[in-house]
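In the numbering used here, the protein residues as written are 6 to 411. Backbone N, C-alpha and C fix where the C-beta goes; we use that ideal spot for every residue, glycine too. Below is one structure; the comments refer to it alone.
Below you can see the structure in the form of structure tokens.
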């Protein structure tokens, strides 16, 4: 090898330093983006706490018994409720963080973590306090069987650090991350910019809309389009290799894409609204073609998606909607009323019960005739279109195109 070629080769130490610096800046952005419901002081404290706790779980031993691995850190309790804006006042904010390791010697509140607790207290000052609990992975897997209270806090927690997907990554996780980065770069505009802003700042629609110079509703639409394209492009291989139990295969748990599982459900709301717009359009077209049975069918789908839009916006998950609501439009209407939807009109109250039976039982032709016997097609069209208009006003989605029109 000639001298010029040798000079052009990067030094291994330089490569390692660059990777470490990249990982440092990556986590400086990832952690605050997962806790956007905290104020600036809280977000800074979470980022600093994650950095300190990770630094104090480093295995320097060259021989057995070696220390275990820190697999993830979670924020749990009241301060993990993303529906509540958390601000520092005159009293200290006390955050409850759970750490999960694969070595029995490091569970509990003391031992190796004692030094980390002291550094946290020194670094965070009086405004912030951290209550640290340390569990083994095996304990987490038993929560659902042995302790419902711990299981509830666990499922409601926010992952601050996951060793399977956050830097530094193993080779397999790094390959998945690189695929996602390449696919994101290949997105069309404006979804590409929307996704880039989300990855840097979390689910902050005002910031995303500012970068796109558009409304927040349109910014959310472009963000949903970005995620839809990425999920379709990447497929199952993009699932994180996290050890957290009960992740399943649902897209909401793909933390290689989303900062928090709940972001999937919130972003899905605009997608369901646009589907409802499509079905209302098909309902109107069926009425114009004098196809009354089609009017009933499209009305059922439009009503389902319109009501589930409001539920997702209110903080319900897509999992909950599928398991608890399904095709039960009456139950969906009750839940949306409990979350701000005005009392239904006389027409909607009359339509929903038979439309629920029709939708839930398989949309049979005979049941559509029963509905048409109590409400003519024109009135069905007007009633469902009015419901969608109400949903549009409540969510700010009015004027967004259907998916078929994009």
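Quick test of your reading: residue 332 and residue 374, contact by CB under 8 Å. State the CB separation rounded to the nearest angstrom.
The Cβ separation is near 19 Å, so there is no contact.
Pull up the CB-CB distance for residue 283 and residue 407, whole angstroms please, since I reckon it's below 8 Å.
The beta-carbon separation of residue 283 and residue 407, rounded to 4 Å, stays under the 8 Å limit for a contact.
For residue 47, count neighbouring C-beta atoms within 10 Å of its own C-beta (all shown protein chains included) and say buried if the count is 16 or more, exposed if not.
Answer is buried; the Cβ neighbour count reaches 16.
Exposed or buried, what is residue 100 when buried is set at 16 or more other beta-carbons lying within 10 Å of its beta-carbon?
Burial is judged here by how many other beta carbons sit within 10 angstroms of a residue's own beta carbon; residue 100 has at least 16 and is buried.
Can you tell me which of 220, 323 and 133 puts its alpha carbon nearest to the alpha carbon of residue 258?
Comparing Cα positions, the closest option is 323.
May I ask which residues mark the beginning and end of the alpha helix (DSSP H) holding residue 275?
In the DSSP annotation of this structure, the continuous segment of the alpha helix (DSSP H) that includes residue 275 starts and ends at 266 to 293.
Using C-beta distances below 6 Å, list every residue in its chain close to residue 23, excluding the 5 sequence neighbours before and after it, in chain order.
Excluding positions up to five away in sequence, the list is empty.
C-beta atoms of residue 380 and residue 353 nearer than 7 Å:
For residue 380 and residue 353, no; Cβs fall outside 7 Å.
In terms of residues, what are the limits of the alpha helix (DSSP H) holding residue 228?
221 to 239 is the extent of the alpha helix (DSSP H) around residue 228.
Roughly how many whole angstroms lie between the Cα atoms of residue 51 and residue 173?
Approximately 19 Å, taken between the alpha carbons.
DSSP state of residue 169, grouped into three classes?
Three-state result, residue 169: coil.
Could you spell out the range, first to last residue, of the alpha helix (DSSP H) harbouring residue 149?
Note, residue 149: alpha helix (DSSP H), 142 to 151.
Spatially closest choice to residue 2 from 281, 155, 402 and 303, by CA coordinates
Outside the shown range of the chain, which is 6 to 411, sits residue 2, and nothing can be said about it.
Beta bridge counterpart(s) of residue 100 as assigned by DSSP
In DSSP, residue 100 forms a bridge with 135.
Residues in its own chain within less than 7 Å of residue 200 by CB, not counting five upstream and five downstream?
Short of 7 Å from the beta carbon of residue 200, and not among the five residues preceding or following it, lie these beta carbons of its own chain, in chain order: 189, 192, 228 and 231.
How far does the beta strand (DSSP E) with residue 118 in it reach, from first residue to last?
Careful: residue 118 lies outside any beta strand (DSSP E), inside the alpha helix (DSSP H) at 118 to 129.
For residue 256 and residue 274, what's the separation of their Cα atoms in angstroms?
Cα to Cα, residue 256 sits roughly 14 Å from residue 274.
Expressed to the nearest angstrom, what Euclidean distance is found between the alpha-carbon atoms of residue 25 and residue 226?
C-alpha of residue 25 to C-alpha of residue 226: approximately 35 Å in a straight line.
Can you give, in chain order, each stretch of the alpha helix (DSSP H) that sits fully within the segment 355 to 404 and has at least 4 residues?
Segments of the alpha helix (DSSP H) lying fully in the segment 355 to 404: 370 to 379 and 382 to 400.
Out of 223, 219 and 261, which one is the CA nearest neighbour of residue 236?
Per the Cα distances, 261.
Validate contact between the segment 329 to 345 and the segment 309 to 318 using beta carbons, cut 8 Å, 3 pairs:
Flag = yes, the segment 329 to 345 and the segment 309 to 318 touch.
Where do the N-terminal and C-terminal ends of the beta strand (DSSP E) with residue 416 fall, by residue?
Nothing about residue 416 can be reported from this structure: the residues present for the chain run from 6 to 411 only.
Classification of residue 153 by the beta-carbon crowding that lies within 10 angstroms, buried from 16 upward:
By the neighbour-count criterion, in which 16 or more other beta carbons inside 10 Å mark a residue as buried, residue 153 falls on the exposed side.
Which word fits residue 76, buried or exposed, when buried means at least 16 other C-beta atoms lie within 10 angstroms of its C-beta?
Counting of Cβ neighbours within 10 angstroms places residue 76 among the buried residues, the total reaching 16 or more.
Sequence-distant residues of its chain with Cβ nearer than 8 Å to residue 134 (five each side left out):
For residue 134, where only same-chain residues beyond five positions count, the Cβ hits under 8 Å are 97, 98, 99, 100 and 126.
Could you check the C-alpha separation between residue 403 and residue 164 for me, to the nearest Å?
Taking C-alpha positions only, residue 403 is separated from residue 164 by approximately 34 Å.
In the DSSP assignment, the alpha helix (DSSP H) including residue 302 goes from what residue to what residue?
Residue 302: member of the alpha helix (DSSP H) spanning 297 to 318, first to last residue.
Euclidean distance between Cα positions of residue 93 and residue 86
The alpha-carbon atoms of residue 93 and residue 86 are separated by roughly 15 Å.
How would you call residue 194, buried or exposed, if buried means at least 16 neighbouring beta carbons within 10 angstroms?
Looking at its Cβ environment, which holds fewer than 16 other Cβ atoms inside 10 Å, residue 194 is exposed.
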